[in-house]
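Visitor: If you're matching positions, the sequence shown starts at 1 in UniProt numbering and goes up one per residue. The C-beta atom is built at its ideal place from N, Cα and C for all residues, glycine as well. Please read all numbers here as calculations on a predicted model, not as lab measurements.
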Amino acid sequence: MTDGVTTDRLLVRPPQETDRARFLELFQDEAFMAFAPAVLTPEQAGARFDHMADVCRTIPFGKQPVVERATGRVVGYTGVDHIEIDGRDRLEWGYRFVPEARGLGYATEAGAALLEHAGRTYTGELLAIIDPGNGPSKRVAGKLGFAFWTQTTIDGDRCDLYTLRVGQA
Ligand SMILES: CC(C)(COP(=O)(O)OP(=O)(O)OC[C@H]1O[C@@H](n2cnc3c(N)ncnc32)[C@H](O)[C@@H]1OP(=O)(O)O)[C@@H](O)C(=O)NCCC(=O)NCCS
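#1: For F35, count the other beta carbons within 10 Å of its own beta carbon; 16 or more makes it buried, fewer makes it exposed. Which is it?
#2: I need the DSSP call for L161, collapsed to helix, strand or coil.
#3: Thinking T18 and P60 are a contact (beta carbons under 8 Å), I'd like their distance in whole angstroms, please.
#4: If distances are taken between C-alpha atoms only, which option among F23, G94, R165, V75 comes closest to L104?
#5: So the candidates are E116, T41, V5; which of them puts its Cα closest to the Cα of V67?
#6: Alpha carbon to alpha carbon, how far is T150 from A113?
#7: With DSSP run on the structure shown, which of helix, strand or coil describes Q64?
#8: Can you list, in chain order, the residues of its chain whose CB lies under 6 Å from that of P14, leaving out five sequence neighbours each side?
#9: When you compare the CB positions of T78 and V12, do they come within less than 8 Å of one another, or not?
#10: Hey, would you say G115 sits closer than 8 Å to L91, going by beta carbons?
#11: Using the Cα positions of Y95 and Q168, report the straight-line distance between them to the nearest angstrom.
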């Protein structure tokens with residue numbers, strides 16, 4: 001467990017119970033959930049928050065809140081979750097920010113800091129799964145060092161897979 005990582009503008013830290021209401025609101029918000037299959041119901045949103053907290057109890061770079069230091073507001077999340085692809089458990093890197101916090105370099109700033117932290121505690125490959133039409137996400141993945149691997153179909157949707165190796169060479 002970690003207290004999180006700090007950058008010039010952001011604090012990236014594990015979820016706390018006091019974040020629950022904010023994430024319940026965000027997971028049900030259409031704009032926040034752009035490029036997700038759907039917004040979540042209140043029950044699904046609560047379960048997603050619980051899952052985020054669970055993952056962060058075992059993985060210090062699990063998907064976690066990104067706090068804008070100037071305002072103290074949770075403006076998004078970044079980090080990994082478990083995903084099974086072709087029968088193999090992998091770690092999938094993701095990010096999602098509120099519309100007013102997009103285009104400021106936050107996904108890259110938060111991601112780079114958390115990835116550096118990840119590389120100190122974990123050695124292995126991370127995966128990013130991106131809708132081919134999601135230009136900003138592809139750009140962020142590239143800036144974080146992810147390289148295009150292959151194209152596949154997940155739950156009927158075409159998506160591009162990118163990989164990044166972290167940790168010891
Ligand atoms: C994807 C997302 C997390 C990016 O966050 P962000 O903090 O705005 O990202 P950054 O500011 O670090 O970088 C965005 C980059 O995309 C570029 N960009 C913006 N619009 C673009 C477009 N339509 N096509 C291609 N690139 C675009 C920006 O110019 C910037 O690149 P640059 O720094 O080289 O100029 C944010 O847009 C978001 O939350 N989107 C909705 C949820 C989502 O799609 N999550 C990812 C699912 S895979």
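Guide: Once the coordinates are examined:
#1: exposed
#2: The answer is strand: DSSP assigns L161 an E or B state.
#3: No, T18 and P60 are not in contact; Cβ-Cβ is about 20 Å, not under 8 Å.
#4: V75
#5: Here the closest residue by C-alpha is V5.
#6: Cα to Cα, the separation comes out at about 26 Å.
#7: Correct three-state label for Q64: strand.
#8: For P14, the CB contacts under 6 Å within the same chain, skipping 5 residues up- and downstream, are C56, Q64 in chain order.
#9: yes
#10: Reading the sequence as shown, one finds Leu at residue 115 and not Gly. Against a cut-off of 8 Å, the Cβ pair of L91 and L115 comes out as no contact.
#11: For Y95 and Q168, the distance between alpha carbons rounds to 24 Å.
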